[in-house]
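Enquirer: Line by line, the protein sequences give chains D and A. Numbered according to the numbering used here, the first sequence spans residues 1 to 192. Numbered according to the numbering used here, the second sequence spans residues 1 to 184. Got a structure for you, questions after.
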Amino acid sequence: MNNQTFRIDEPIGGGLAVEELRQRLRHAVSGVQPSPDTLDRLRTAVPARRHRRQALAVGSALSMVAVLVAGVAMVLPDSMPNPGVQVATQPDGSAEREREGTPLRPIMPEGKEPLDKKQGESKKKKTSERPRQYGARVPAQVGYIDQWSRVFQQMLPGTFPGGVEPFRKNFTSNTAGSDASGADGQSAFATN
Amino acid sequence: MVALIGTGAVVASELRDRVVEDTADLLTQTYLAHYRSLLRLAALLLDDPASCEDVAQEAFIRVHAARRRVREPEKLLAYLRQTVVNLSRSTLRRRLLGLRLLMPKSVPHAASAEEGAYDALERDTLISAMRGLQRRQREVLVLRYFSDLTEVQVADVLGLSLGSVKAYGSRGLEALRTRMGGQQ
Chain D
1 MNNQTFRIDE
11 PIGGGLAVEE
21 LRQRLRHAVS
31 GVQPSPDTLD
41 RLRTAVPARR
51 HRRQALAVGS
61 ALSMVAVLVA
71 GVAMVLPDSM
81 PNPGVQVATQ
91 PDGSAERERE
101 GTPLRPIMPE
111 GKEPLDKKQG
121 ESKKKKTSER
131 PRQYGARVPA
141 QVGYIDQWSR
151 VFQQMLPGTF
161 PGGVEPFRKN
171 FTSNTAGSDA
181 SGADGQSAFA
191 TN
Chain A
1 MVALIGTGAV
11 VASELRDRVV
21 EDTADLLTQT
31 YLAHYRSLLR
41 LAALLLDDPA
51 SCEDVAQEAF
61 IRVHAARRRV
71 REPEKLLAYL
81 RQTVVNLSRS
91 TLRRRLLGLR
101 LLMPKSVPHA
111 ASAEEGAYDA
121 LERDTLISAM
131 RGLQRRQREV
141 LVLRYFSDLT
151 EVQVADVLGL
161 SLGSVKAYGS
171 RGLEALRTRM
181 GGQQ
């Protein structure tokens, strides 16, 4: 690498010295003047840019917070409240779900009795023989299926001519052995 | 309580007005002191006179909008100069990319009648010889001989080592000698 420094009296092409180079550079741009409205434009543009950047920073921070909240809600769905579905544990060990104070009843077609009503006695006995289980867990999805099926039944009668029991059975059979199953392998919907 | 809040609002508005006035004053002072030299620096660094004013104004706007983050206020001119150099470099790079990709047969900028000074700049033999130099060589020569910076200051502004600045400067001078000798 050439580390040679420049000398003031060093001639450039045609006898041009470094000092003369300075003067010629300044002379070449001496006629360049700012336009008359430059200062006014700067006075308006500086605060405008500052406000724009502040708004951008605030918007970014808000969107980051929204993304964080949405991410936490997706990662931890159990921590979110399940509206309308409560689990109450009875002293005899059976778990009964209540919706706004009304005991949950399965929706059956007309003329048919719920299965639990026919076999209620034997089931109760079986349940009472089992050890106590507190806080029987009901998956949130089952609660939502039941809740929305009732809403649909009220708003659009005839939407489910066969009732929602097939959907519930299908869902609980898929999730049997996991959260949705009771201790005897039956559905967690088996209520009184 | 209401009177207290009202007094606080009045004080806050006065403070805000004072800050705005101070900002405007500093802006005006800086403009009067340095804007012309920065505009001329941009005119020497760029090969397109039309964008010199844009670059100088953008540098002013950027540095003044973020002036609270400037750690050493006495170095405001150095920040402005460095911003002008960076923006000139970005402008040249963008135009080169545009020439390569978008406009292969673009018409060069023709100075209008109001741009007599820029027209004279175009005709200057020294300027035309300098525009034939490499970008780094031209930056070093302009900062060294037009802005009167030392080699260490040039190295700071350009983000180069001192040895690189010396090498670019000496090679640029040699190339300038060759070009001006060829023109005469």
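A virtual CB, placed ideally from N, CA and C, is assigned to each residue, including glycine.
Give the single residue among A:E72, A:Y31, A:R81, A:E53 whose Cα lies nearest to the Cα of A:L143.
Expert: On the second sequence, residue 143 of chain A is found 143 positions in, with the first residue counted as 1. Measuring from the Cα of A:L143, the nearest candidate turns out to be A:R81.
Enquirer: Run through DSSP, which three-state label would D:A17 get?
Expert: Position 17 of the first sequence, counted from the start, is the residue given in the question as residue 17 of chain D. Of the three classes helix, strand and coil, the one that applies to D:A17 here is strand, per DSSP.
Enquirer: Taking Cβ-Cβ distances shorter than 8 Å, what residues in chain A pair up with D:P36?
Expert: Here residue 36 of chain D corresponds to residue number 36 of the first sequence, with the count starting at 1. By Cβ distance, chain A contributes nothing, its closest Cβ being about 11 Å from D:P36, past 8 Å.
Enquirer: Check whether the Cβ atoms of D:L42 and A:L27 lie closer than 9 Å to each other.
Expert: Position 42 of the first sequence holds residue 42 of chain D. Position 27 of the second sequence holds residue 27 of chain A. Their beta carbons are under 9 Å apart, which means D:L42 touches A:L27 by this criterion.
Enquirer: Tell me which residues share the same chain as A:A167 and place their Cβ nearer than 6 Å to its Cβ, disregarding the 5 neighbours each side in the sequence.
Expert: The residue given as residue 167 of chain A occupies position 167 in the second sequence. Cβ within range, chain order: n/a, list empty.
Enquirer: Just to confirm before moving on: does the CB-CB distance between A:R89 and A:E139 stay below 9 Å?
Expert: Position 89 of the second sequence, counted from the start, is the residue given in the question as residue 89 of chain A. Position 139 of the second sequence, counted from the start, is the residue given in the question as residue 139 of chain A. A contact, by the Cβ cut-off of 9 Å.
Enquirer: Residues in its own chain within less than 8 Å of A:V157 by CB, not counting five upstream and five downstream?
Expert: Here residue 157 of chain A is taken as the residue at index 157 of the second sequence, counted from 1. Hits under 8 Å: A78, R81, Q82, V85, L143, L149.
Enquirer: Using a Cβ-Cβ distance cut-off of 9 Å, determine whether D:L25 contacts chain A.
Expert: The sequence position of residue 25 of chain D within the first sequence is 25, counting from 1. Yes, its Cβ sits closer than 9 Å to a Cβ of chain A.
Enquirer: So, is A:P193 buried or exposed, given that buried needs 16 or more other C-beta atoms within 10 angstroms?
Expert: One cannot answer for residue 193 of chain A here, as it falls past the ends of chain A, which runs 1 to 184.
Enquirer: Alpha helix (DSSP H) containing A:R69: first to last residue?
Expert: In the second sequence, residue 69 of chain A corresponds to position 69, counting from 1. Element bounds for A:R69: n/a, residue is neither H nor E.
Enquirer: How should A:Q137 be labelled, buried or exposed, when 16 other C-beta atoms within 10 angstroms of its C-beta is the threshold for buried?
Expert: To locate residue 137 of chain A, count along the second sequence from 1; it is residue 137. With 16 or more other Cβ atoms within 10 Å, it is buried.
Enquirer: Could you tell me whether the Cβ atoms of A:G163 and A:L133 are closer together than 9 Å?
Expert: Working through the second sequence from its first residue, we reach residue 163 of chain A at position 163. Working through the second sequence from its first residue, we reach residue 133 of chain A at position 133. No. Outside cutoff.
Enquirer: Mind reading off the beta-carbon distance from A:A129 to A:L176? Whole number of angstroms is fine, and I expect it under 8 Å.
Expert: Here residue 129 of chain A refers to the residue found at position 129 of the second sequence. Here residue 176 of chain A refers to the residue found at position 176 of the second sequence. Going by Cβ atoms, the distance from A:A129 to A:L176 rounds to 6 Å, so yes, they are a contact pair.
Enquirer: Using a Cβ distance threshold of 8 Å, determine whether the region 26–38 of chain D contacts the region 43–53 of chain A, with at least three qualifying pairs required.
Expert: A contact exists between the region 26–38 of chain D and the region 43–53 of chain A.
Enquirer: First and last residue of the alpha helix (DSSP H) that includes A:E139?
Expert: Translated into the one-based positions of the second sequence, residue 139 of chain A becomes position 139. Element bounds for A:E139: 135–145.
Enquirer: Distance, Cα to Cα, D:P47 vs A:A66?
Expert: As a first step, residue 47 of chain D is located in the first sequence; it is residue number 47 there, counting from the start. As a first step, residue 66 of chain A is located in the second sequence; it is residue number 66 there, counting from the start. Roughly 10 Å separates the two Cα atoms.
Enquirer: Using only CA atoms, which one of A:S51, A:D25, A:Q153 lies nearest to D:S35?
Expert: Translated into positions along the first sequence, residue 35 of chain D becomes position 35. Checked all of A:S51, A:D25, A:Q153; the closest Cα to D:S35 is A:S51.
Enquirer: Less than 9 Å between CB atoms is the rule here; does A:Y31 satisfy it with respect to chain D?
Expert: For the purposes of this step, residue 31 of chain A is identified with residue 31 of the second sequence, where counting begins at 1. With 9 Å as the cut-off, A:Y31 counts as an interface residue toward chain D.
Enquirer: Candidates A:D124, A:P49, A:H34: which alpha carbon is nearest D:L25's?
Expert: The residue you call residue 25 of chain D lines up with position 25 of the first sequence. Comparing Cα-Cα distances from D:L25 to each of A:D124, A:P49, A:H34, the minimum goes to A:D124.
Enquirer: Which residues in the same chain have their Cβ closer than 7 Å to the Cβ of D:G71, if we skip the five residues on either side of it in sequence?
Expert: In the first sequence, residue 71 of chain D corresponds to position 71, counting from 1. Excluding positions up to five away in sequence, the list is empty.
Enquirer: Rounded to the nearest angstrom, how far is the Cβ of A:A59 from that of A:L38, given a contact under 8 Å?
Expert: In the second sequence, the residue the question calls residue 59 of chain A occupies position 59. In the second sequence, the residue the question calls residue 38 of chain A occupies position 38. With a Cβ gap of about 7 Å, A:A59 and A:L38 count as contacting.
Enquirer: Compare the C-beta of D:Q147 against all C-beta atoms of chain A and say whether one is closer than 9 Å.
Expert: On the first sequence, residue 147 of chain D is found 147 positions in, with the first residue counted as 1. False, the Cβ-Cβ gap to chain A never drops below 9 Å.
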